[in-house]
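In the order they appear, the protein sequences are chains A and B.
All residue numbers for the first sequence refer to the working numbering, where the first residue is -1 and numbers rise by one.
All residue numbers for the second sequence refer to the working numbering, where the first residue is -1 and numbers rise by one.
Backbone N, C-alpha and C define an ideal beta-carbon position, used for all residues, glycine too.
Written out below as C-alpha cells is the structure these notes cover.
Number of protein chains: 2
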Amino acid sequence: MQRTRFGDMPCSIARTWNVIGEPWSPLILRDIYVGVRRFDDLQASLGISRKVLAERLTWLVDQQVLDRHPYSDRPTRHEYVLTPRGVELCDALLVLARWGDRWLAGADGPPALFRHRSCGATSHVTLHCSHCDQPMTASDVDVLDGPGAPAREETP
Amino acid sequence: MQRTRFGDMPCSIARTWNVIGEPWSPLILRDIYVGVRRFDDLQASLGISRKVLAERLTWLVDQQVLDRHPYSDRPTRHEYVLTPRGVELCDALLVLARWGDRWLAGADGPPALFRHRSCGATSHVTLHCSHCDQPMTASDVDVLDGPGAPAREETP
DNA sequence: ACCACTGAGTTCCCTGAGGGAACTCAGCTG
DNA sequence: CAGCTGAGTTCCCTCAGGGAACTCAGTGGT
C-alpha cells in the first residue's frame, strides 16, 4: 500500500486505483480471470512473494472483487473466484491489454489474443458511448463536475 | 518503481502496468487530460511530493505518454501534454472511472460526468467488439495464446 | 504410530521507494 | 538589487516490498 490513500479522493479513478492500483493486483486479477485460482498456483505463476500475495488477496476479498471459495473441507482448501465486481474490473484489464498490444508488443506480436465468444472472432475491445452506441474515446469526451464533486469556490 | 519489473513479462497488461502502474501515474494523466499541465499546478492539485512528481513526469515522457512542451523561452517554461499514446491511455482511465462510478461512488453520486462530444449526451463508455461491434466484456471473452506468448512445453 | 507431503499462509530481516520540507537556480518584476 | 515564480533537486526518515524460512492442519503411505 502506498503512503497516500487514494480511496478518499473525490475521483472515481483514484478510488478505483485504491482498489487495484497496488503492484501485482491487476496481474493477480488477470491470473484468476484466466483460471489460476489457488494460492500456490498464483504464487508460482506470478513469481510474487507469498507475503505480498497473501496481503493482496485479503485486500481484494475485502474490496469484494474476489471471493474466497472453499473447494474442499478436510483439509480446508479454497480458491479465489471473481465476484461480479471483479469481472467488471477485468473489462478494464482488456482495455489495458489492448493498449499494451498496440504500443508495447515487440516484433513477436501480442502475447495473448482475445476471442469474442458471441461472434467467434479474434478481436479486441473498442469503447462506445452508452447513449448513442457510437465510438467514444478520451479525445471525444468533455469532463464535467458530477453531483459528488467537491464544492468549489464561487468564481464571480 | 516497485522492485519487480513488469515490463519484461510476456503480458500486455503487465507491460502497460509497467508504464502507468506506479502510484500517482494515472492521476497525473487524469490531471493533464483535464487541462492541468504545469509542474506546480499538478503538484498543488494532487498533493503529491515534488520529488515523486518529477520522477513520474520524466518517466512518462520517456515512455512517450507525455510530451514536454515549452510555452515560453526566457524564462524557460514548459507544460506537459499528452501524446497520441497518452490519449489512448486515457481511454483506459475512462473505463476505470466508470467502474469507480458504478461501485464506489457513495450517496453523493459520481464526482465527475462524461459528455460524449459527438452526441452531446452525458454517458459513459461501454466495451464493444472491434469485429462485430456488439458488446464485448470480460465475461464474454476467451483468452488464447498469441504469437508473442512464451513457448510452452509440449503436452502430448 | 511415524513420516513426508501439500496447500495456505506467517514471520523475520533487509533494502529501497515514497513523503515532506528545505534548498537551488535562472530569469523576470518592482 | 531584493523578491518572486516556475521547475526541479537534495536530504533524511519511515514503512512497504522481496526473499527465504517457518508454521500448521490434514492426508496418504508404510
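Between residue i and chain B, is any beta-carbon pair separated by less than 8 Å?
i: C64 (chain A); result: The amino acid at residue 64 (chain A) is misidentified as Cys; the sequence shows Leu. It does not; no Cβ of chain B falls within 8 Å.
i: H129 (chain A); result: yes
i: I11 (chain A); result: yes
i: L51 (chain A); result: no
i: W97 (chain A); result: yes
i: A6 (chain A); result: For the record, residue 6 (chain A) in the displayed sequence is Asp; it is not Ala. Answer no: the Cβ-Cβ gap between D6 (chain A) and chain B never drops below 8 Å.
i: L40 (chain A); result: no
i: A110 (chain A); result: yes
i: V34 (chain A); result: no
i: A149 (chain A); result: no
i: H126 (chain A); result: yes
i: D106 (chain A); result: yes
i: D60 (chain A); result: no
i: P68 (chain A); result: no
Buried or exposed: which applies to residue i, given that a residue is buried once 16 or more other Cβ atoms fall within 10 Å of its Cβ?
i: G104 (chain A); result: exposed
i: D106 (chain B); result: exposed
i: Q61 (chain B); result: buried
i: A90 (chain B); result: buried
i: P108 (chain A); result: buried
i: L80 (chain A); result: buried
i: R115 (chain B); result: exposed
i: Y78 (chain A); result: buried
i: P154 (chain B); result: In this prediction, P154 (chain B) has a pLDDT of 32, which is less than 50 and means its spatial position is unreliable; nothing more can be read from the coordinates.
i: S137 (chain B); result: exposed
i: A95 (chain B); result: buried
How many angstroms separate the CA atom of residue i from the CA atom of residue j?
i: G33 (chain A); j: A147 (chain B); result: 17 Å
i: P21 (chain A); j: D131 (chain A); result: 34 Å
i: R54 (chain A); j: H67 (chain A); result: 16 Å
i: R35 (chain B); j: P24 (chain B); result: 14 Å
i: C117 (chain A); j: L40 (chain B); result: 44 Å
i: R48 (chain A); j: L58 (chain B); result: 30 Å
i: D160 (chain B); j: A52 (chain B); result: Since the displayed chain B opens at -1 and closes at 154, residue 160 (chain B) lies outside it and no answer follows.
i: Y31 (chain B); j: C88 (chain B); result: 7 Å
i: T120 (chain A); j: F112 (chain A); result: 6 Å
i: D38 (chain B); j: D38 (chain A); result: 46 Å
i: T56 (chain B); j: G19 (chain B); result: 15 Å
i: P82 (chain A); j: L64 (chain B); result: 34 Å
i: V141 (chain A); j: I26 (chain B); result: 15 Å
i: V85 (chain B); j: I11 (chain B); result: 17 Å
i: R28 (chain A); j: C9 (chain B); result: 10 Å
i: A149 (chain A); j: W97 (chain B); result: 23 Å
i: A110 (chain B); j: P145 (chain A); result: 7 Å
i: W101 (chain B); j: L102 (chain A); result: 30 Å
At the 8 Å Cβ level, is residue i part of the contact set with chain A, yes or no?
i: A54 (chain B); result: A small correction: the amino acid at residue 54 (chain B) is Arg; Ala does not occupy that position in the sequence shown. No, R54 (chain B) does not count as interfacial toward chain A.
i: S116 (chain B); result: yes
i: T153 (chain B); result: Note that T153 (chain B) has pLDDT 40, beneath the 50 cutoff, so the model's placement of it is unreliable and the number below is only indicative. T153 (chain B) does not count as touching chain A.
i: R48 (chain B); result: no
i: T135 (chain B); result: yes
i: Y31 (chain B); result: yes
i: H76 (chain B); result: no
i: W57 (chain B); result: no
i: H122 (chain B); result: yes
i: T81 (chain B); result: no
i: R28 (chain B); result: yes
i: R113 (chain B); result: yes
i: D143 (chain B); result: yes
i: P73 (chain B); result: no
Excluding the 5 residues flanking residue i on each side, which residues of the same chain have their C-beta closer than 7 Å to its C-beta?
i: C127 (chain A); result: M134
i: T124 (chain B); result: P133
i: H76 (chain B); result: R66, H67, P68 and Y69
i: I46 (chain A); result: W22
i: A42 (chain A); result: none
To which residues of the same chain is residue i closer than 8 Å at the C-beta, ignoring the five residues directly before and after it?
i: R3 (chain B); result: N16
i: T74 (chain A); result: P68
i: L92 (chain B); result: F112, H122 and V123
i: L44 (chain B); result: W22, L25, I26, D29 and L51
Cutting at 6 Å between CB atoms, please list the residues of its own chain near residue i, excluding the five before and the five after it.
i: R13 (chain B); result: G5
i: V139 (chain B); result: none
i: M7 (chain A); result: none
Thinking residue i and residue j are a contact (beta carbons under 8 Å), I'd like their distance in whole angstroms, please.
i: H122 (chain A); j: D99 (chain A); result: 7 Å
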